[in-house]
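Visitor: Numbering of the sequence shown is given in UniProt numbering, commencing with residue 1 and proceeding in unit increments.
Positions of the beta carbon are idealized from the N, C-alpha and C atoms, including for glycine.
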Amino acid sequence: MFNSLTERLSSTFKNLRGKGRLTEADIDATAREIRRALLDADVAVPAVRQFIKQVKERALGEEVSEALNPAQQVVKIVQSELEEILGGETRTLQLAKTPPTVIMLVGLQGAGKTTLAGKLSKHLKQEGHAPMLVAADLQRPNAVKQLQVNGERAGVHVFAPHPGVSSEHEDPTGDPVEVAKAGLEEAKNRQHDVVIIDTAGRLGVDQELMQQASDIRAATNPDEVLFVIDAMIGQDAVATAQAFNEGVGFTGVVLSKMDGDARGGAALSVKYITGKPIMYASTGEGLGDFEVFHPDRMASRILD
Ligand code: GDP
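1. Considering only heavy atoms of the ligand GDP, does any lie closer than 7 Å to the CB of Ser10?
2. Verify the contact flag: Ala143, CB atom, against every heavy atom of the ligand GDP, threshold strictly below 7 Å.
3. I need the DSSP call for Val45, collapsed to helix, strand or coil.
4. Since I believe Lys119 is in contact with Asp289 (beta carbons under 8 Å), could you give me their beta-carbon distance rounded to a whole number of angstroms?
5. At a cut-off of 7 Å, is Asp259 close to the ligand GDP when judged by its beta-carbon and the heavy atoms of the ligand?
6. Would you please state the rounded distance, in angstroms, between the beta carbons of Ala237 and Ala266? I believe it to be under 8 Å.
7. With a threshold of 16 other CB atoms inside 10 Å of the CB of Gly201, please say whether the residue is buried or exposed.
8. Less than 8 Å separating the beta-carbons of Ile216 and Ile233?
9. Nearest by alpha-carbon distance to Met279: which of Leu116, Ile77, Ala41 and Arg17 is it?
10. Which complete beta strand (DSSP E) runs does the stretch 106-171 hold, if anything under 3 residues is left out?
11. Going by Cα to Cα distance, which pick from Thr6, Ser121, Asp175 and Lys125 is closest to Ala136?
12. Buried or exposed: where does Ser121 fall if 16 or more other Cβ atoms within 10 Å of its Cβ makes it buried?
13. Starting from Leu16 and walking both ways along the alpha helix (DSSP H), at which residues does that stretch end?
14. Indicate the three-state DSSP secondary structure (helix, strand or coil) for Met258 in the structure shown.
15. Expressed to the nearest angstrom, what Euclidean distance is found between the alpha-carbon atoms of residue 365 and Lys97?
16. Would you check if there are 3 or more beta carbon pairs closer than 8 Å linking the stretch 81-97 to the stretch 281-296?
17. Beta carbon of Ala187, beta carbon of Met104: below 8 Å?
18. If I follow the unbroken beta strand (DSSP E) through Leu226, where does it start and stop?
19. Contact defined as beta carbons within less than 8 Å: I believe Ala47 pairs with Ser4. What is the distance between those atoms, to the nearest angstrom?
20. Under a three-way DSSP split, which group does Phe290 fall into?
21. Any heavy atom of the ligand GDP closer than 7 Å to the beta-carbon of Gln72?
22. For Val195, name the three-state secondary structure that DSSP assigns.
23. On the DSSP letters alone, give me the boundaries of the beta strand (DSSP E) that Ile233 sits inside.
24. If you compare alpha carbons, which of Val228, His157 and Ser256 is closest to Asn245?
25. Would Asp193 and Ala130 qualify as a contact pair, given that the criterion is a beta-carbon distance under 8 Å?
26. Am I right that Thr12 and Ile34 are in contact with their C-beta atoms under 8 Å? What's the rounded C-beta distance?
27. What are the partner residues of Gly252, as DSSP defines its beta bridges?
28. Quick check on this structure: which residue in Phe2, Ala29 and Val43 has the alpha carbon closest to the alpha carbon of Ile273?
29. Output yes or no for whether 8 Å exceeds the beta carbon distance between Leu303 and Val75.
30. Is it the case that the Cβ atoms of Lys19 and Pro100 are separated by a distance below 8 Å?
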């Protein structure tokens, strides 16, 4: 992830090395190179525009620090703007005043929701919580079973419409809203303090999917709705994120498949496009391939 962006930025900075003072023309040329590198990395155009505007303004206006040479100053500005576009502060989970905290997962099919449900529950368990999973994805064959397997691996209880029944016999007519509500009741009875509800995705955004997710949201009143997005989807990320933001609404973003060789555009655009913070990153198929998302660390990694 970000490999080619990292290389491009580093060669841009290399061109500035040895310069005594940066002229406006130097800054313009640098901004152009950064702009091209970001566009090639699939970063959304409005996000690129804002990024470049900020970098130029600061590079032209910044007090000249004695301690840093011009190249280092530009790196510092780019680092801080990257951090900003990735969300600035690390955003932690909003816990309910009265447990259980309800977390609902939304996103396209294949985005990585079911996998994330297992990872997040494991992470929360390690943090001292007693999470429970609810299988409200009744659309995809095998989704319930997959969540049960993930829950078992994480050592976390799973509420499923027909526990133990094999995927061939899942009830396709089951109502996911009722399942979500029943799951919430069970969590209260069993005194779990966090409930993670896995919901159905479609291959493309559609009205029925949005309505179902909205109905589950209305019925369970979640403290967090996390939009899981595959970091590999490039420029499509913008339209998908906007559709979910308008259709269901979400409070935070999870980037999945950050271990892939995606160019990173989705990661660098989604906060700017939706205004919602990136909270977690999924970095592989294993239960432990999961990170709390820290914008500052990610910015440093991009510039490394
Ligand atoms: P869902 O339809 O949104 O529930 O998506 P799944 O959780 O079933 O994930 C779809 C596929 O992507 C599965 O084969 C997962 O193993 C894989 N997957 C999920 N997250 C990651 C990740 O972070 N990295 C990689 N490499 N694969 C992932």
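Guide: So, from the listed chains and residues:
1. The beta carbon of Ser10 sits no closer than 7 Å to any heavy atom of the ligand GDP.
2. Yes; taking the cut-off as 7 Å, the Cβ of Ala143 has a heavy atom of the ligand GDP nearer than that.
3. Helix.
4. Between Lys119 and Asp289 the Cβ distance is about 7 Å, and since that is below 8 Å, they are a contact.
5. In this structure, the ligand GDP has a non-hydrogen atom nearer than 7 Å to the beta-carbon of Asp259.
6. For a cut-off of 8 Å, the C-beta gap from Ala237 to Ala266 is around 4 Å, short enough to register as a contact.
7. Classification of Gly201: buried, given that the 10 Å Cβ count is 16 or more.
8. Their beta carbons are not under 8 Å apart, which means Ile216 does not touch Ile233 by this criterion.
9. Nearest C-alpha to Met279: Leu116.
10. 131-136 and 157-159, all fully within the stretch 106-171.
11. If we check each option's Cα against that of Ala136, Asp175 comes out closest.
12. Flag for Ser121 reads buried.
13. For Leu16, the enclosing alpha helix (DSSP H) begins and ends at Asn3 to Leu16.
14. For Met258, the three-state secondary structure derived from DSSP is coil.
15. Missing from the structure shown is residue 365; the chain here goes from 1 to 304 and no further.
16. Counting Cβ pairs under 8 Å, three or more are found: they touch.
17. Ala187 places its beta carbon 8 Å or farther from that of Met104.
18. Glu224 to Asp230 is the span of the beta strand (DSSP E), which, as asked, contains Leu226.
19. Not quite, the Cβ-Cβ distance comes to about 18 Å (not below 8 Å), so this is no contact.
20. Phe290: strand per DSSP, three-state reduction.
21. No, since every heavy atom of the ligand GDP falls outside the 7 Å radius drawn around the Cβ of Gln72.
22. Three-state DSSP puts Val195 in a strand.
23. Secondary structure note for Ile233: it is in no beta strand (DSSP E), with a DSSP letter that is neither H nor E.
24. When each option's Cα is compared against that of Asn245, the closest is Val228.
25. Contact: yes.
26. With a beta-carbon spacing of about 6 Å, Thr12 and Ile34 fall inside the 8 Å limit used to define contacts.
27. In the DSSP output, where bridge partners are listed per residue, Gly252 has Leu226.
28. Residue Val43 holds the alpha-carbon nearest to the alpha-carbon of Ile273 among Phe2, Ala29 and Val43.
29. Leu303 is a Cβ neighbour of Val75, given a cutoff of 8 Å.
30. Taking 8 Å as the Cβ cut-off, Lys19 and Pro100 do not qualify as a contacting pair.
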